[in-house]
Every structure is written in C-alpha cells, then in structure tokens.
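Remarks on the structure that follows.
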C-alpha cells in the first residue's frame, strides 16, 4: 500500500521541480518579474519616478512608475489623468531629470502645470499635427538617451495622417491601431535601453452591443494593453467640499496591470483644484491606516505631538513643516516595505533559523 503513496510523492516532487525550472527559464528569457505568485512579496529592485501620491506609490509595489517601461493611464473625462502624469513629470525634474510632453490634444495649460511643481521653462513640449509625427518625435527623443520621462496626451488624439488629409465621413478602419502597434514595437526596446518612462494617457469608449461584462474599452487598439508594464484606471469617486464650495475630488486608482509587482491594488487620494494631488492628505490617510499617525476624535497626533484639529488643519500643518512630512512619509514607506525599504523586509526572512532537517554537519550535536 505504501508504493502508490511513494509514487505520488515522487510525481509531485518532479512536478514541483519541473515548475521551478520553467519559472527560472521564463525569468531568464523574458526578464525577472515576468511571472510571479500573486502572494509573493519579493519585488525586484527597480528605479522609479514617484507619482506624487504615497498611497499610489505603495499600490504600485515598487514605489512609483518604473523607469524604462510603458505606463498607461486611462479613465473618464476630468478624472485626473493629466494631473497624475504632470506630477510624475514634476518629480522627475526635481531629481534632475529631463521631461517631454507630447501635447497631441493641443490643450496643455502651462500655468496649471507650474502650480503642480513642473519646471515649465525646462519642459520640452511638442504639439504635433499628426499621429505619425507625434510618435516619430517621441522615438527620436527616447533614442537620444537623455530623456527621463515622456508623456503622450492622449492616444485618442493621435490621428493618422491619412485621416487628417481625407474627407469627413471617410472610413479609416484600424488605421490608428496599426499606427500604435508599429510605434510600440519600435519604442519598447529604446525605452528599456535608455531608461525612459513613457506615459500614454488614454480615453474611454463604449463598445456597442455588449450585454455581459463591461462595455468600456480604451482607444488605439490592443497593442498598448500588451506593451504597457503598468496600466492604471483612474476614477473620481467623490467631490470634496468646503462648506458649499467644491474644492477638489476624491480619486481612486486601480492598478489593473502590473509587471513589476502583484497587480489589482487600489489607492485613494485627494486632488485639490489648483494644487493637484494632496501629498499631505495622503500621508494623513495612510499614517492613520498603518498606525504611524494617531487620530482621536478630530485631532491628528504624531508621536504625542498634535498636528491639528481636522484633516484640513493637519494637512496645512504638514505643508508648513516639510521635514516632519518627509519623516512621516519615510516611516510609512518603511512600514509598507515599498521601494528601497523592500530589501529591509526581506532581510529578516533570509536570516530565519534552519529547519530540523537542514542542520549542517558541524552543527550536529555529538554525544560522548
């Protein structure tokens, strides 16, 4: 009776060994992080550009938008897509990076970008006439090797030359999808070698005649869905008010695709009119959630010191004391094990004691 059990154990061991070999081969062939178990906490070290929201940086698993990769941000109108992209541009510039903005919609507001912290004097801006021109300019900038981040706003506005030169009402089926597919095949390798992050902003459309599942889809065909390492769905979920006046939006971002860490994480943060993402508000929310900041009634406290009564007063206090805000942010990221702190969480696991059957020869006790 023992033989079948022994055979099944041997078969299970062989299957496990075969799986390990396959996973190792996939990592070698397609790069580390191409496949992972959803419960894995191991995150490959990767250079990132912060998004401006600590909650979103944590949801992305690596501390921001990965460098050398394609990122897609999509959502309904006025949901904060361009705002999120401009915050990433501002953070890249603060770290000494060079940024470019391909304004295919011809709708960029330099004053708003400046309020979000973008150095508009140093920002490279292009307003191309056709989709081909936009993507060719993007390709040339990336291949220069000097660019840190480029934003294409938006995919829906990348109109093929044939469509612009044609008549109203002419059918141009699949032109934009073919354009995107060809461009992304060229861009992917150049992005990886140059370490440039490319953010594609996309709009939503509705498919006709869909009875089951979501009718929503993004423009530009399926190529971007495949080539993007990170895809983020951004939605406005609530209007923030001060009395009767609207002062901003509560926004939720779902990471629907992530090649750098386990996907399907969500983050919520405030976008204030004229200010952009409220970093300090996000620190208060995450701080309370993870026990770094205490909330008692309406009061927020940090290590026994009161930050303020009410979220708005506490947010303003952190804004006036950037060193304290940076200290709270560091503690939150360390608690979550995000970015450079991921290795610290993994270190104790590496020092775990050996199991009983793993003692070394010299560790075996000798009886005299």
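Numbering (my numbering), first residue to last: 288 to 655.
Note that CB positions come from ideal geometry on N, CA and C, so glycine has one too.
When you compare the CB positions of residue i and residue j, do they come within less than 8 Å of one another, or not?
i: residue 507; j: residue 489; result: yes
i: residue 482; j: residue 354; result: yes
i: residue 436; j: residue 391; result: no
i: residue 534; j: residue 541; result: no
i: residue 578; j: residue 402; result: no
i: residue 585; j: residue 596; result: yes
i: residue 625; j: residue 484; result: no
i: residue 418; j: residue 397; result: no
i: residue 339; j: residue 374; result: yes
i: residue 421; j: residue 471; result: no
i: residue 556; j: residue 571; result: no
i: residue 580; j: residue 589; result: yes
i: residue 395; j: residue 412; result: yes
Drop a sphere of 10 angstroms on the beta-carbon of residue i, count the other beta-carbons inside from all chains shown, and report buried for 16 or more, exposed for fewer.
i: residue 469; result: exposed
i: residue 378; result: buried
i: residue 388; result: buried
i: residue 460; result: exposed
i: residue 296; result: exposed
i: residue 455; result: exposed
i: residue 516; result: buried
i: residue 380; result: buried
i: residue 635; result: At residue 635, the pLDDT of 49 sits below 50, so the modelled position is not reliable; the number obtained from the coordinates is stated separately. Residue 635 comes out exposed.
i: residue 327; result: exposed
i: residue 645; result: Confidence in residue 645 is poor, its pLDDT being 45 and thus under 50, which makes the residue's placement unreliable; the coordinate value appears in the next sentence. Answer is exposed; the Cβ neighbour count stays below 16.
i: residue 731; result: This structure gives no information on residue 731, because the portion of the chain shown stretches from 288 to 655.
i: residue 442; result: buried
i: residue 393; result: exposed
i: residue 497; result: exposed
i: residue 453; result: exposed
i: residue 444; result: buried
i: residue 647; result: Any reading at residue 647 needs caution, since the residue's pLDDT is 43, under 50, leaving its predicted position unreliable; the model's value is listed next. Residue 647 comes out exposed.
i: residue 616; result: buried
i: residue 313; result: exposed
i: residue 451; result: exposed
i: residue 302; result: exposed
i: residue 311; result: exposed
i: residue 356; result: buried
i: residue 642; result: Note on residue 642: pLDDT 46, under 50, position unreliable in the model; no value is reported.
Can you tell me the Cα-Cα spacing of residue i and residue j, whole angstroms?
i: residue 416; j: residue 407; result: 22 Å
i: residue 288; j: residue 306; result: Confidence at residue 288 is low in this model, with a pLDDT of 49, below 50, so its placement is unreliable and no value can be given for it.
i: residue 299; j: residue 308; result: 14 Å
i: residue 593; j: residue 478; result: 46 Å
i: residue 614; j: residue 623; result: 14 Å
i: residue 609; j: residue 342; result: 18 Å
i: residue 466; j: residue 599; result: 47 Å
i: residue 505; j: residue 361; result: 7 Å
i: residue 382; j: residue 372; result: 16 Å
i: residue 344; j: residue 573; result: 12 Å
i: residue 335; j: residue 410; result: 19 Å
i: residue 650; j: residue 304; result: Note that residue 650 has pLDDT 48, beneath the 50 cutoff, so the model's placement of it is unreliable and the number below is only indicative. Looking at the two C-alpha atoms, the distance is approximately 28 Å.
i: residue 552; j: residue 563; result: 22 Å
i: residue 474; j: residue 487; result: 12 Å
i: residue 325; j: residue 538; result: 25 Å
i: residue 423; j: residue 582; result: 52 Å
i: residue 640; j: residue 317; result: For residue 640, the predicted structure reports a pLDDT of 48, less than 50, and the residue's modelled location is therefore unreliable. The matter cannot be settled from this model.
i: residue 512; j: residue 492; result: 15 Å
i: residue 385; j: residue 525; result: 34 Å
i: residue 495; j: residue 462; result: 20 Å
i: residue 559; j: residue 536; result: 6 Å
i: residue 322; j: residue 532; result: 47 Å
i: residue 464; j: residue 500; result: 23 Å
i: residue 414; j: residue 425; result: 11 Å
i: residue 457; j: residue 449; result: 10 Å
i: residue 476; j: residue 503; result: 30 Å
i: residue 591; j: residue 543; result: 39 Å
i: residue 620; j: residue 434; result: 27 Å
i: residue 514; j: residue 554; result: 23 Å
i: residue 480; j: residue 352; result: 16 Å
Does chain C have any CB closer than 8 Å to the CB of residue i?
i: residue 308; result: Protein chains in the displayed structure number just one, and chain C is not present.
query: Are there three or more Cβ pairs, one per stretch, closer than 8 Å when the segment 519-531 is compared with the segment 359-376?
result: In the pairwise beta carbon analysis, the segment 519-531 is classified as touching the segment 359-376: at least three pairs are separated by under 8 Å.
task: Take every Cβ of the segment 540-547, pair it with every Cβ of the segment 343-354, and state whether three or more of those distances are shorter than 8 Å.
output: Three or more Cβ pairs drawn from the segment 540-547 and the segment 343-354 lie within less than 8 Å of each other, which places the two stretches in contact.
The segment 427-434 in contact with the segment 394-410 per 3-pair CB rule at 8 Å: A contact is defined here as three or more CB-CB pairs under 8 Å, and the segment 427-434 fails this definition with respect to the segment 394-410.
- prompt: Between the segment 566-585 and the segment 603-619, do at least 3 Cβ pairs fall closer than 8 Å?
  reply: Judged by pairs of C-beta atoms under 8 Å, the segment 566-585 touches the segment 603-619, as three or more such pairs exist.
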